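Below is one structure, written out as structure tokens; the observations come after it.
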Amino acid sequence: MDVKPKKLLPLSPKVDLENENHYKVYKSYLDDALSDDHIHNLAVTGKYGSGKSSIVDTYFKKKTNFLKVSFSTFESSSTKVVSQKEIDDSDDTPSSIRGEQSNNLISKGTIFANIINQIIYQVDLKNIPLTRFKIKKPLSRFSKFSLLFEICLLSSLFFPISGMYRIGLSVASILVGLVIIWYFLSNFEFRNLKISIKQVETEINMKRDDLFERYTDEIVYLFEQSGKSILIIEDLDRFKDLSIFEKLRELNTKLNSNLNDKQEWTFIYLIKDELFKDKTDRVKFFDEIIPVIPFITTSNSFDKLREIFKGEDINVRLLRILSQFIDDFRLLLNIHNEYEVYSNIGNLAQNKNDKKIELNELLALIAYKNIFPNQFDEIQNGGGILGDIVKQYKNNVQQQIDNCTKRINDLQEKKNSTSLKNEYEYLFIWASKNNLMSVDNFNNRQYIDTLDKAEYIVKNDGGIYYENSVIEYSKFKNNAKEYAHNLVPVTAFDSEMTRFRTNLSNISNTQFFDVDDTLNSFKDNQLLYALIRNKYITLGYLNTINHYYGDSSTQVFMRNLYISARNFDINMKLNDIPGLIEQLQEEDYEQNQILNIELTCWLYNKNFEKFKLILHTADNSEIHFIEELLNYNPALYKSVTSILPNIQFDLSILNPIQVFDIAINNRYADTQSNVELIVHHLNKFISLNEFTSLINGENIYETFKHELIQKADSSITLKKISDVNIDILGLLMRNNRFIVNASNINFYIREYSYNTVFESFINGHRITFDEDLSEETFMSTINENSLSVETFTDIWRTYHGEKLHSQNLSVLDNQLILVLLKLNLIEIDSSLLELICQKEINVKPDFFTHDIKSIILKNQIILNNDLFDKSIEIDDDLNDQIFAKNINNLSREEVIKYLKRKKLSNGKFIKIIQKDRGYQNIIFNNEEINLEILSWMKDKEIIDNMNVANGKIKPTFD
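Heads up, the sequence shown is in my numbering, so the first residue is 443 and it goes up one at a time.
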């Protein structure tokens, strides 16, 4: 069932305001003014569209005592009031010389004649029989009958009639003739005056500026005989000439000075406030001024818009924006009317998916058209201010993209030319020169003597031993000024490229509503900026225009082809593609201007051969058309890549579609920005199988593999080392891309042997024992290495083989030897004790069991001070023997301290040292401990010598 469109709203002044509260106020003012004998010149002032006409027309709707004069000169026409002589001089000048301005000239006489002209048509001619201002009108039936009758009478005189009949006919003919002559004399002027204004004609045609003065009596007669008492003059202020008003005031004075008991005349002027520039002119000229408060202003415009567009699917914010720029009620009504017409006509045609967005844009464009009508024709053709803004926006975005891309490529080239490529390479070099050490979780210090160690520290913010304290690497960079200063050139490339890639991503994602508000086009057009900024006018505005204002897309498209236009819109909507196809020739498909998204999609379904031609044209152009095509219709990807198998996409333009296929087939240029983008896109969904395929691909960019391995989500870990190629194995292991389990460890040791790559792989990770570690794996870890204590413990706690011999551990780190000792995996013998002494292994006191001490004494192993202290820390009956065996390595104070504490030989040694009474007579049992101690005392010259006899030892003194 057809729905009847809404009724259009009339633009003419309303004459039905009787029930409006504001009208009642103005009616009261008008009543008072018109009843006041002293008010003859009344002004009703207000801006255009304020409602002056509506108020006055409503007031006089049922009255007949008024005349009304109205002028329709448009303000935009810039009509200038001049003297008649200037116009005559202009008419005598050739048109090629006088120019356009002379066409906008009007004389005061013409204006005065127009006033009289309009008044005559409102006065009954019966009331002004004596006026010389006549209106052309056809003869009345009576006149026609009288004339015909006279002709008949005169004709009858020529017939052979005699007597009384002839006399009667003669008398009748004379009488009728006199009547006709009287009629014509009363309606005949000796000077024929004629003017034509607004297609209204009278027989006045005087080209004089002093019309009111010259014909004062005629004009006064006209007014007096009209039967009216009020003259309403509307829009006379459009001529902006105060002298016209002065003449009217003079006329009003003349009319009221010769009333003869008739009603006084009141002139009502409907004018704008700004007509009078001087503050006193206005109040001097008029007897009373009634100001009209505008019916609609920018403050209440929104309420009126919402009322008029009630029920329409229009965004409230759009109405609020428009209300800031609409302060004329007729303008508002016309916007509504045009919207109703276009929206209803447009609904009969094909609509877009999102009708609401389209209707909002339609209203925005119609409002813009009405507020700036002089710009709209150009805009419909993609030109004008809006077209310039679109071009500037697109050029600006493209220029920013090009600049960012160039900067990224330049930085990449500079980075590739430097010797150090990354931060961990620099850390490795700097640490080697400055003997910098790292510190693990167990406070073990190690030199940063491999790239793998440096990379691990950088990536994991590892500990650094710096200036006698342990700090994180990030803090070390801040504290070590020299290091940080020299690091800048190495890392600046990466940080700068990252910054530009972020900028590039942000630029690519900008929308039209982000357009720069400083463009010159917005200087005097805030409405246009507001509509764009709030997404009510979009880059696709031409599609809306073509949809509702009549399709010009085919003409624009063909014109671009004919002239090989440099700037053309690949997203332009084409509403008649079949008709367009008929106009195309074969060679047209080789031009860049053929590139259009909708046309290409249509050809894909209707003419695949032509579709292929367009793809080849796009591939040879510098326009990112194919990327935009796939952004619009991703389903075309398979067809595009089959037709163009070697295509290389610009990933900064292309949305993330078919990312895996693009990566595995190298369908992009091998630039750092592209590599980072595709890895970023892959990270969102890549599976373990896809990851494996990509890193094992033989022809895949190496830069991509490295980026993927380093940047892929940490959850991507491979199960088997055997599943990948050897050339990327080290990188995978350094980036923790394998499960650290026994089977992987055994495989690597078996195939590649122990190395720093393997070490970094297992260091710091908890090992999963899916099988037993091989003997080869165990033995590979007791060579010189930098394994953490935790990892080393994790490995050896599963060892169940024969105990290790100490001679095989000489190159192993002390901390790792302690791990083996703790796990009781080393054969306890003199070699072990010698190794502990030699490497100064920091064993604990409980290591020195009775058996260990027996081995020390049996093999006469001499301990260093630290080991000695630990060996005697726990009481044991062998402690004194160990003390005696190691006494020569102790200081005098340490010996005396031990002797006092233990009170060996009942304190005799202390008595000798202190030379207590009777010390020279002390005798010791002949025991090895006493001999060792007395020998030490002899060496220290505490005693002179000693004599051994009868199982006793007697020290001698000087």
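Every residue gets a Cβ at the ideal spot worked out from N, C-alpha and C, and that includes glycine. All values reported here derive from a predicted model rather than from experimental measurement.
| Asked | Found |
| --- | --- |
| Comparing alpha-carbon positions, which option in E1201, D844 and I713 lies nearest L946? | D844 |
| For N1389, report the span of its beta strand (DSSP E) as first-last. | N1387 to A1391 |
| In the DSSP output, what is M1014 paired with across the bridge? | Looking at the DSSP assignment, M1014 forms no beta bridge with any residue, so it has no partner. |
| Would you say K469 and K714 are within 8 Å of each other, going by their C-beta atoms? | no |
| Roughly how far, in whole angstroms, is the beta-carbon of F1399 from the beta-carbon of D1386, given that I think they are within contact range, below 8 Å? | 5 Å |
| Give the range of the beta strand (DSSP E) segment to which Q888 is assigned. | R887 to Y889 |
| Expressed to the nearest angstrom, what Euclidean distance is found between the alpha-carbon atoms of H1122 and F751? | 47 Å |
| Would you grab the beta carbon distance between K1436 and Y925 for me? Rounded to a whole angstrom, and I think it's under 8 Å. | Coverage of the chain is limited to positions 443 through 1400, which leaves residue 1436 absent and any answer about it impossible. |
| With distances taken from CA atoms, which of L774, F1189, H927 and A922 is nearest N742? | L774 |
| Specify the secondary structure class of P1287 as computed by DSSP and reduced to three states. | helix |
| Check for me: the alpha helix (DSSP H) holding I401 runs from which residue to which? | Outside the modelled stretch of the chain, which goes from 443 to 1400, sits residue 401, for which no answer is possible. |
| Quick check on P1397: does DSSP put it in helix, strand or coil? | strand |
| Taking 8 Å as the cut-off, decide whether the C-beta atoms of I481 and E692 are in contact. | no |
| Take Q1033 as the anchor and find which of F727, W1044, G1021 and L1057 has the nearest alpha-carbon. | L1057 |
| Do N507 and N694 come within 8 Å of each other at the CB atom, strictly closer than that value? | no |
| Give the DSSP-derived three-state secondary structure of P733 in the structure shown. | strand |
| Roughly how far, in whole angstroms, is the beta-carbon of F1010 from the beta-carbon of Q1035, given that I think they are within contact range, below 8 Å? | 5 Å |
| Residue range of the beta strand (DSSP E) that F709 falls in? | T708 to I713 |
| With a threshold of 16 other CB atoms inside 10 Å of the CB of V1253, please say whether the residue is buried or exposed. | exposed |
| Can you pull the DSSP bridge partners for I674? | K510 and I710 |
| Using the DSSP secondary-structure output, state which residues sit across from T658 in a beta bridge. | T658 pairs with nothing; no bridge assigned. |
| Mind checking which residues open and close the alpha helix (DSSP H) that includes V1199? | T1198 to I1204 |
| For K901, which of I1170, H927 and L869 has the nearest alpha-carbon? | L869 |
| Let me confirm a value: R1179 is counted as buried when at least 16 other C-beta atoms fall within 10 Å, else exposed. Which label applies? | buried |
| Does DSSP put N1331 in a helix, in a strand, or in coil? | helix |
| Can you round the beta-carbon distance between T1390 and N1363 to whole angstroms, since I take them to be within the 8 Å contact cut? | The question names Thr, yet the displayed sequence has Val at residue 1390. That belief does not hold up - the Cβ atoms of V1390 and N1363 are roughly 16 Å apart, past 8 Å. |
| Starting from the C-beta of V1166, find all residues in its chain whose C-beta is less than 8 Å away, skip the five residues before and the five after it, and write them out in chain order. | T1134, I1137, N1138, L1160 and L1174 |
| In angstroms with no decimal places, state the Cα-to-Cα distance between K419 and F1351. | Given a span of 443 to 1400 for the chain in the structure shown, any question on residue 419 remains unanswerable. |
| Using only CA atoms, which one of D1381, E1383 and L1376 lies nearest to I1395? | L1376 |
| Do E706 and N698 have their C-beta atoms within less than 8 Å of each other? | yes |
| Using 8 Å as the threshold, is the C-beta distance between F1401 and S1164 below it? | Residue 1401 cannot be examined here, being either before or after the span of the chain that is shown, 443 to 1400. |
| Rounded to a whole number of angstroms, what is the C-alpha to C-alpha distance between P452 and V725? | 35 Å |
| Looking only at its own chain, which residues have a Cβ that is under 6 Å from the Cβ of N1186, when we skip the five neighbours before and after it? | I1163 and F1180 |
| For E1383, name the three-state secondary structure that DSSP assigns. | coil |
| Inspect the beta-carbon positions of T1198 and L1215 and report whether they are closer than 8 Å. | no |
| Excluding five sequence neighbours on each side, which residues of the same chain lie with their C-beta closer than 8 Å to the C-beta of N812? | L773, N776, I777 and E780 |
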